[in-house]
């Protein structure tokens, strides 16, 4: 019986980190870094107080486990941090009726979606389609800067706003009677 308790105590820091007791120091460090990113209390600013408190307790538990696992020692105080059950038992904090793990998962998914949306908006803001305008007898200044690259890539960078503009199919054949404008700053991109 005493031996079983000793084995459970040996595993406590590794269970917190989610690695095996035979994990290498590099594996322990990698697991710690991933979990520290998830549970760092700064990520939960603006969250309800119970969620912030749970994040602080989880981070404290994680720091203790990492410290002991790196030194290869037993965790003398497995319950000193106040977390008694990592699986959702008594004392398990819920946020608006959602278990802690689910709240973290949702928050990570929302952050990933927001990041993807931001990248898409940035890409759309920094690129667009060149606007073809027929000459119809109007005279425009000749502007052929970037023509060589545009022939190969089908895009051109606006010299004014530095936005990447995609040229439509067949743009080269219509260059004599069409002027291409930047859709962002409305400056001439190509004119012959």
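Numbering (my numbering), first residue to last: 2 to 193. Note that beta-carbon positions come from the ideal geometry of N, C-alpha and C, so glycine has one too.
Requested in this report: Whole angstroms is fine: what's the gap from residue 30's alpha carbon to residue 24's?
Outcome: 10 Å
**Study point:** Helix, strand or coil at residue 179 [DSSP, three-state]
**Key:** strand
Notebook entry, point to check: Using 8 Å as the Cβ pair cut-off and three pairs as the minimum, do the segment 127-147 and the segment 179-190 touch?
Noted result: yes
Bridge partners for residue 135 per DSSP, in chain order? 179
Subject >> the ligand ADP heavy atom lying under 7 Å from the CB of residue 14 >> reply: With respect to small molecules bound, the structure shown includes none, and the ligand ADP cannot be examined in it.
I need the boundaries of the alpha helix (DSSP H) containing residue 165, first residue and last residue.
Residue 165 -> not in any alpha helix (DSSP H); beta strand (DSSP E) instead, spanning 165-167.
**Residue burial classification, residue 65 (beta-carbon count within 10 angstroms, cutoff 16)** = buried
_Separation of residue 151 from residue 168, as counted between CA atoms_ = 8 Å
Given that a residue counts as buried once 16 or more other Cβ atoms are within 10 Å of its Cβ, and exposed if not, what is residue 113? exposed
Express the C-alpha separation of residue 156 and residue 178 in angstroms, rounding to a whole number.
-> 19 Å
Looking at the unbroken alpha helix (DSSP H) that takes in residue 154, where does it start and where does it end? 148-154
- What's the C-alpha gap between residue 20 and residue 107? 24 Å
(Q) Under DSSP, the beta strand (DSSP E) around residue 128 begins and ends at which residues? (A) 128-130
Could you check which residue in 174, 53, 35, 69 has the C-alpha nearest to that of residue 43?
53
Query raised in the report: Using the beta-carbon count (16 or more within 10 Å), is residue 122 buried or exposed?
Result: exposed
Item to check | 7 Å Cβ shell around residue 45 - same chain, five flanking residues per side excluded | outcome: 52, 53, 56
* **Inter-residue spacing [alpha-carbon to alpha-carbon] between residue 75 and residue 26** => Because residue 75 carries a pLDDT of 38, less than 50, the predicted location of this residue cannot be relied on, and the following value inherits that uncertainty. Taking the straight line from one Cα to the other gives about 15 Å.
Use the C-beta contact count for residue 180: other C-beta atoms within 10 angstroms, 16 or more gives buried, fewer gives exposed.
buried
| said: Less than 8 Å between the beta carbons of residue 129 and residue 166, yes or no? | reply: yes
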